[in-house]
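S.K.:
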Amino acid sequence: AASCGAGGSPECAAQRRARRLPAPRDSRQRAPDSNRTPNASRASGTFIDSEVNIPAVRNLAGVITQPGRTQRLQGSSDATYNFQLTYEKYDLSVRLAYQYRTDWVQGYGTYTTVAGQVVPSGNGDTFWDNDDELDLSVRYQFSDALEVYFDGVNLTDSGARRFVDSSLFPIEYEEFGRRYIAGFRFNF
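So the working numbering is basically just the index in the sequence shown, starting at one, shifted up by 25.
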């Protein structure tokens, strides 16, 4: 199945159920949960053309001290892509998910006009650079009361880069590393 939204900022999604993935050996034959999509691949993309008009700032004498300008809306990327593979069979659930996001505005800075050009009067606007992440989730339910799980987050070990005004001016680079979480869940 596939769908796309209408309007100024389209969003598209596609989903396909896989029919020929190998089945794991079943320790017990339990009817599949009708709320689960057994084997599927999903893809979605969001494309946003957002902008905000930042008004000019005048001093008490009426002189423009900061020019008016247009910038993207804070927190929104121009494009976000998601891909997901899911495999579920009786008590086993495996999900592999990938997300890519284009750069986005974190905060607006101050600007001035010099020789007819709008330039930062300080750091300028703050951006987070493009980023991507690959996550894995594996669950096995032994019974209605016991489940074991494993989650791997940021398996690509992607870092995050922040810059001001232009990607030529980085101000921060963070590495969060891969994260692994495993454990048991008990329901009683």
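The beta carbon of each residue, even a glycine, is placed where N, CA and C say it ideally should be.
Source: prediction; values computed, not measured.
1. Assuming R97 and E113 form a contact by the criterion Cβ under 8 Å, report the distance between their Cβ atoms to the nearest whole angstrom.
2. Can you give me the Cβ contacts of L159 inside the same chain, cut-off strictly under 6 Å, excluding the 5 residues immediately before and after it?
3. How is N148 classed by DSSP in three states: helix, strand or coil?
4. Can you tell me which of the three DSSP states D116 falls into?
5. Which same chain residues end up closer than 6 Å to S162 when comparing Cβ atoms and leaving out the 5 residues on each side of it in sequence?
6. In terms of alpha-carbon separation, which member of G147, S69 and V173 lies closest to R210?
7. Got a sec? Which residues, its chain only, sit under 6 Å from Q99 by beta carbon, not counting five neighbours each side?
8. Quick check on this structure: which residue in S192, I196 and D154 has the alpha carbon closest to the alpha carbon of S183?
9. Looking only at DSSP bridge pairs, what is G87 linked to?
M.R.: Concretely, from the data shown:
1. Contact doesn't hold; Cβ gap of about 38 Å is too wide.
2. Y123, L180 and T181
3. It is coil, neither helix nor strand.
4. In the structure shown, D116 sits in coil (DSSP, three-state: anything other than H, G, I, E or B).
5. R120 and D176
6. V173
7. V130
8. D154
9. The secondary-structure analysis by DSSP pairs G87 with nothing; it has no beta-bridge partner.
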